[in-house]
Amino acid sequence: MKKALVALLVSGMMSSAFAGVVIEEGFDDVSSLQGKGWILENKTTSPGVTPGFFQGNTGFTSQSGADYSYVAANYNNAAPGGTLNTWLYTPEFSTVVGATVSFWLNAIDEAGFSDQFAYGFTDASGLLVDLVPTFTVGTNGWTQYSAYIGPREGTARFAFQYTGAADTASYVGLDSVVVDVPEPSSILILAAGAMGLVAARRRKRA
Numbered sequence: 000m001k002k003a004l005v006a007l008l009v010s011g012m013m014s015s016a017f018a019g020v021v022i023e024e025g026f027d028d029v030s031s032l033q034g035k036g037w038i039l040e041n042k043t044t045s046p047g048v049t050p051g052f053f054q055g056n057t058g059f060t061s062q063s064g065a066d067y068s069y070v071a072a073n074y075n076n077a078a079p080g081g082t083l084n085t086w087l088y089t090p091e092f093s094t095v096v097g098a099t100v101s102f103w104l105n106a107i108d109e110a111g112f113s114d115q116f117a118y119g120f121t122d123a124s125g126l127l128v129d130l131v132p133t134f135t136v137g138t139n140g141w142t143q144y145s146a147y148i149g150p151r152e153g154t155a156r157f158a159f160q161y162t163g164a165a166d167t168a169s170y171v172g173l174d175s176v177v178v179d180v181p182e183p184s185s186i187l188i189l190a191a192g193a194m195g196l197v198a199a200r201r202r203k204r205a
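Right, dumping it as structure tokens:
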């Protein structure tokens with residue numbers, strides 16, 4: 000039994016070692032995102048003077064990298080009196096063994112204004128399958144968030160939504176997006192460890 004437990008422990012450690020980053024974006028150049036498989040959309044019914052997410056340029060510096068290497072959005076994504084509905088989608092990634100997404104958010108501290116955000120996963124057809132409720136982005140510096148999607152067939156994208164009333168919004172930044180997907184080989188190692196445990200038990204009974 001001790002040998003079997005050691006085998007499982009080793010397989011678990013190897014599983015962690017095999018975890019792989021499939022998307023890592025620091026937004027050094029927002030204009031290059033579409034060429035890398037990202038999707039930028041402004042679904043606002045009454046668009047404003049800014050088309051959607053753009054290169055960070057004011058308010059605060061980035062979470063990491065060059066000063067303004069982050070992607071931003073602001074109240075001008077919608078016309079005065081309108082409702083913001085700006086989206087940014089990562090490239091597709093496999094969800095066969097699940098995936099973890101981490102990212103950082105920040106917003107300008109301006110009295111009487113706040114920035115609303117939401118995020119979640121889509122399926123291969125682009126349908127949102129999991130979206131967290133809208134929340135207010137903090138203004139005390141960059142804050143890290145993370146989300147997990149369990150194993151399911153096919154692929155997904157991770158979606159970021161900038162929303163809320165344009166008249167009460169200000170400026171929000173998104174930085175350092177990382178999508179981490181376990182390698183299929185790690186699953187095989189865990190399965191082999193489990194099979195070893197079963198075999199050890201059978202030998203003991205014999």
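If you're matching positions, the sequence shown starts at 0 in numbering that gives the first Met the number 0 and goes up one per residue.
Each residue gets a CB set at the ideal place from its N, CA and C atoms; glycine is no exception.
Here DSSP, grouped into helix, strand and coil, assigns Ser124 to coil. Straight-line spacing of the CA atoms in Ser45 and Pro79 works out to 9 angstroms.
In the three-state scheme derived from DSSP, where H, G and I count as helix and E and B as strand, Ser61 is classed as coil.
Residue state for Ser93 is assigned as strand, using DSSP reduced to three classes. Per DSSP, Ile107 lies in no beta strand (DSSP E) segment and is marked neither H nor E.
Excluding five sequence positions before and after Pro50, the CB atoms of its chain that fall closer than 6 angstroms to its own CB belong to Asn41, given in chain order. Contact between Leu127 and Ala158 holds: their C-beta atoms lie close to 7 angstroms from each other, under 8 angstroms.
The residues Thr167, Ala168 and Ser169, in chain order, have a CB closer than 7 angstroms to that of Phe112 in the same chain once the five nearest residues on each side in sequence are set aside. Our two residues, Gln33 and Leu87, have alpha carbons roughly 10 angstroms apart in a direct line.
Taking C-beta atoms as the reference points, Thr138 and Leu83 fail to come closer than 7 angstroms. Val176 has its alpha-carbon roughly 13 angstroms from the corresponding atom of Tyr147. Counting C-beta atoms within 10 angstroms of its own C-beta, Asn76 has 16 or more neighbours from the protein chains shown and is therefore classed as buried. Each of Gly19, Val29, Val20 and Ser93 was checked against the Cα of Gly172, and the nearest Cα belongs to Val29.
In this structure, Gln160 sits near Ala117, with a CB-CB distance shorter than 7 angstroms. 7 angstroms or more divides the Cβ of Val20 from the Cβ of Ala98.
The closest CA to that of Ala155, considering only Val180, Ala165 and Phe134, is found on Val180. DSSP places Gly119 within a strand segment (E or B) once states are collapsed to three. Distances from the CA of Gly47 to each of Thr85, Val70, Gly58 and Glu23 were compared; the closest alpha carbon is that of Thr85.
Ser169 has no beta-bridge partner at all, per DSSP.
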